[in-house]
Amino acid sequence: MISENLFSAKALGYLEKAKEVAREKKDTKVDTDHLLIALLLDEKSPLSKYIERRGIDRKEFLKRVNEYLENLNRQLEKAIEAEAQNLINLRTQVMEVKSNIGNVQSELSRIKRAKERILRELEYAKRYGDWWTAETLELELRQLEATERSIRRQLEQVEKSLSSVFSPEDVKAFLENKLSIDGLIRKALEKSPLIEQVKELGISPDRVMDKVAEKVFGKKPTFDYSRYLTQVLEKAQDKAVSEGESQVQPSHLSAALIEAKETIGGKLINQVLGGEKEMKKDVTQELKEEEKSPLERFGVNLNELAKQGKLDPVIGREKEINQVIEILLRRTKNNPVLVGDPGVGKTAIVEGLAQRIVNKEVPPELQDKEIWSIDMASLLAGSKYRGEFEERLKTLLDEVKEKGNVILFIDEIHTVVGAGAAEGAVDAANIMKPALARGEIRVIGATTVDEYRKYIEKDPALERRFQPVFVDEPTEEQTIEILKGLRPRLEQFHKVKISDEAIEAAVKLTKRYVTFRRLPDKAIDALDQAAARKKLKVIGTPPEIQEVERKIKALEEQIIEANLKGDYEKEAQLKIEKAKLEKERQELLSKLGG
């Protein structure tokens with residue numbers, strides 16, 4: 000049972016479009032081919048993106064689908080017309096038979112009443128010894144019985160004749176007045192070769208039956224979802240529920256349609272995608288990816304992570320965060336770029352800003368902003384054809400402009416210079432420059448000093464759009480405070496206690512001996528590694544216990560084998576040995592405090 004209330008606005012939009020397509024084609028049922036066309040008409044639908052990702056031209060596929068369906072519908076109309084005419088003729092014949100049967104049944108009823116009368120009179124005559132009358136009545140009774148047998152033979156012939164066209168069960172129900180003439184004709188339609196043929200084609204049988212029934216009985220059918228499409232929608236609902244979604248999304252519709260290989264819509268998609276080989280994979284997740292907006296596909300919402308408490312606390316970077324806020328509040332040149340050595344905490348500053356925005360600890364102009372971290376690698380990945388990367392980036396920037404409250408964070412921002420510039424194509428920096436110049440987008444960048452000089456400063460047009468914020472390595476004291484702020488997270492993750500002495504040792508030792516890296520990153524790594532090692536010692540199973548467990552496992556296998564062979568004496572002995580080993584294991588665990 001489907002409920003349209005469970006469908007998202009986008010999914011309902013595709014269903015409404017499918018209804019429009021069905022009405023245009025003068026169909027009385029919305030079927031899977033109508034839904035397929037509705038999804039293909041929208042170039043942004045998950046299904047359209049899914050097939051285009053496989054190198055299939057959406058417009059060409061849609062054209063081929065329409066041509067195939069038009070040709071199929073022409074053939075179907077002829078078959079429907081022929082079937083309807085056949086049923087009309089059959090209905091006329093059945094009506095004549097029914098009329099004759101009515102007369103015959105009336106005659107049988109008359110004979111039955113006459114026999115009952117004669118039997119009563121015969122009993123009376125025999126009781127009072129009127130043998131002459133009794134003999135006359137017996138003769139009359141025999142004549143009536145002969146007539147009844149003759150009529151019943153006629154009925155049997157009619158039943159046999161009808162059974163050559165209809166099923167014996169339906170004929171019996173018809174002769175017993177449990178099934179009307181139209182009911183009998185409908186039963187014949189359900190079992191006709193035409194319906195079997197349309198099932199093989201993947202067309203929902205009720206869709207064809209409606210058209211035939213309209214011609215035969217003159218009754219206009221109800222416009223509704225076909226039986227096959229209803230099954231697809233139910234499957235889409237099940238997918239949404241199994242994924243914990245509150246609503247059915249277009250990706251669920253598309254996945255359910257692809258998996259419905261027995262329907263015409265599913266057959267057409269599977270043919271173009273390569274059939275069984277392609278469909279062995281679960282397409283739901285891939286379709287969900289296609290459904291995402293460019294920001295969702297290539298970015299991470301840092302505000303959402305901050306709300307969920309998934310970002311680490313930022314300690315001792317108030318000065319740099321305030322500088323970033325000041326630049327973002329400027330009228331022009333309001334795109335900060337964090338410049339500093341690897342590991343000094345440039346990304347942490349942006350995460351700290353996201354936390355401040357979520358906590359409303361920023362000026363009103365920034366309180367509704369969202370910071371999205373863009374992954375340039377995923378934006379570039381898979382862009383095989385010329386112009387594909389530019390199209391992705393342009394679509395992403397269009398979404399940012401449309402939303403109006405997005406601040407992009409691009410780590411390693413120097414990678415945008417030259418990104419995507421293959422075979423003379425425009426690189427990412429040149430695509431972004433006009434939008435940055437007009438103030439249509441805001442960007443926070445992060446890069447190293449060397450990369451900033453090499454790529455950003457060498458491009459005056461790009462350098463003019465950004466305002467650098469230099470991020471220095473924190474002092475030992477500042478790093479200790481940063482680690483103390485991170486301590487609860489590390490303790491919760493590793494399930495160990497971290498002392499102040501351990502934090503101080505991590506900072507001082509890494510400062511002294513790990514000279515090729517910067518604080519606080521190297522100190523955090525050292526503390527994380529030490530906690531992981533301590534955790535391993537705590538949870539690691541001692542060798543003697545491992546040996547006992549290995550023996551127990553071997554005994555369990557032997558017990559199963561003995562049971563299968565019916566050697567119950569051996570099975571009992573093995574169970575005793577297993578119990579001893581389990582007791583030994585428990586004693587070892589007790590000694591170790593386990």
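The C-terminal residue of the sequence shown carries number 593 in numbering that gives the first Met the number 0, and the numbering is unbroken. Quick reminder that beta carbons are idealized off the backbone N, C-alpha and C, glycines included.
Buried or exposed for residue i, please, with buried defined as at least 16 other CB atoms from any protein chain shown within 10 angstroms of its CB.
| i | result |
| --- | --- |
| Tyr127 | exposed |
| Gln354 | buried |
| Ile559 | exposed |
| Trp371 | buried |
| Thr545 | A quick correction: the sequence has Gln, not Thr, at residue 545. Its Cβ having fewer than 16 others within 10 Å, Gln545 is exposed. |
| Leu118 | exposed |
| Thr262 | buried |
| Tyr123 | exposed |
| Gln597 | In the structure as shown, the chain begins at 0 and stops at 593. Residue 597 is therefore absent and cannot be evaluated. |
| Tyr567 | exposed |
| Val240 | exposed |
| Ile575 | exposed |
| Glu422 | Because Glu422 carries a pLDDT of 47, less than 50, the predicted location of this residue cannot be relied on, and the following value inherits that uncertainty. Classification for Glu422: exposed. |
| Gly54 | exposed |
| Glu275 | Annotation note: pLDDT 46 at Glu275 (below 50); position unreliable, coordinate value reported separately. It is exposed - the Cβ of Glu275 has fewer than 16 other Cβ atoms within 10 Å. |
| Pro192 | exposed |
| Glu369 | buried |
| Gly315 | buried |
| Tyr512 | exposed |
| Pro293 | buried |
| Ala428 | buried |
| Lys238 | buried |
Can you give me the Cβ contacts of residue i inside the same chain, cut-off strictly under 7 angstroms, excluding the 5 residues immediately before and after it?
| i | result |
| --- | --- |
| Phe297 | Ile373, Asp374, Ser377, Leu378 and Leu395 |
| Ala530 | Leu489, His493, Val495 and Ile497 |
| Arg57 | Leu39, Glu42, Ser47, Ile50 and Glu51 |
| Gln236 | Ile1, Leu5 and Val247 |
| Val361 | Ile324 and Arg355 |
| Glu213 | Lys219 and Pro220 |
| Lys16 | Ala37 and Leu40 |
| Ala522 | Thr478, Leu482, Ala505, Val506 and Thr509 |
| Glu233 | Ile1 |
| Lys266 | Gly201 and Lys260 |
Mind checking which residues open and close the alpha helix (DSSP H) that includes residue i?
| i | result |
| --- | --- |
| Gln477 | Glu475 to His493 |
| Arg296 | Pro293 to Phe297 |
| Glu581 | Tyr567 to Lys590 |
| Asn269 | Ile263 to Leu272 |
| Val349 | Lys345 to Val357 |
| Pro459 | Pro459 to Glu462 |
| Val468 | Here Val468 belongs to no alpha helix (DSSP H); instead the beta strand (DSSP E) covers Phe465 to Phe469. |
| Asn562 | Pro542 to Lys564 |
| Val361 | Here Val361 belongs to no alpha helix (DSSP H), and DSSP marks it neither H nor E. |
| Asn321 | Glu317 to Leu327 |
| Ser241 | Arg226 to Ser241 |
| Arg330 | From DSSP, Arg330 is part of no alpha helix (DSSP H); its letter is neither H nor E. |
| Ser44 | That residue, Ser44, is in no alpha helix (DSSP H); it is neither H nor E in DSSP. |
| Leu301 | Leu301 to Lys306 |
| Glu244 | Note, Glu244: premise wrong, no alpha helix (DSSP H); not H, not E. |
| Pro249 | Pro249 to Glu258 |
| Ile194 | Pro192 to Leu200 |
| Leu14 | Ala8 to Glu23 |
Verify the CB distance criterion: does residue i have a CB-CB separation below 8 angstroms to chain C?
| i | result |
| --- | --- |
| Pro220 | The chain inventory of the structure shown lacks chain C, comprising one protein chain alone. |
Excluding the 5 residues preceding and the 5 following residue i in the sequence, name in chain order all residues of the same chain whose CB lies nearer than 6 angstroms to its CB.
| i | result |
| --- | --- |
| Lys400 | Glu439 |
| Asp520 | Gly342 |
| Lys114 | Leu143 |
| Thr414 | Met375 |
| Glu277 | The pLDDT assigned to Glu277 is 48, lower than 50, so where the model puts this residue is not dependable, and the model offers no usable value. |
| Lys18 | Val29 |
| Val470 | Glu319, Leu337, Gly339, Val343 and Lys345 |
| Val405 | Glu369, Trp371 and Val399 |
Given residue i, which residues of its chain have a CB within under 8 angstroms of its CB, disregarding the five upstream and five downstream residues?
| i | result |
| --- | --- |
| Gln466 | Ile326, Arg329, Lys332, Asn333, Asn334, Pro335 and Val336 |
| Ile551 | Lys577, Leu580, Glu581 and Arg584 |
| Lys533 | His493 and Val495 |
| Ala501 | Leu526 and Ala529 |
Could you pull the start and end residues of the beta strand (DSSP E) that residue i belongs to?
| i | result |
| --- | --- |
| Val338 | Asn334 to Val338 |
Notebook entry, point to check: Which runs of the beta strand (DSSP E) fall wholly inside the region 364 to 451 and span at least 3 residues, in chain order?
Noted result: Secondary structure remark: continuous beta strand (DSSP E) runs of at least 3 residues inside the region 364 to 451, in chain order: 369 to 373, 405 to 410 and 441 to 446.
Checklist line | Three or more C-beta pairs below 8 angstroms linking the region 471 to 486 and the region 298 to 307 | finding: Touching, no, given that fewer than three Cβ pairs across the two stretches are closer than 8 angstroms.
Notebook entry, point to check: Quick check: the region 484 to 500 against the region 442 to 460, are there 3 or more CB pairs under 8 angstroms?
Noted result: With the cut-off at 8 angstroms, the region 484 to 500 and the region 442 to 460 do not touch.
Note to self: I'd like to know if the region 196 to 203 and the region 225 to 238 are in contact, where contact means that at least 3 CB-CB pairs between them fall below 8 angstroms.
What the structure shows: The region 196 to 203, when compared against the region 225 to 238, does touch it at the 8 angstroms Cβ threshold.
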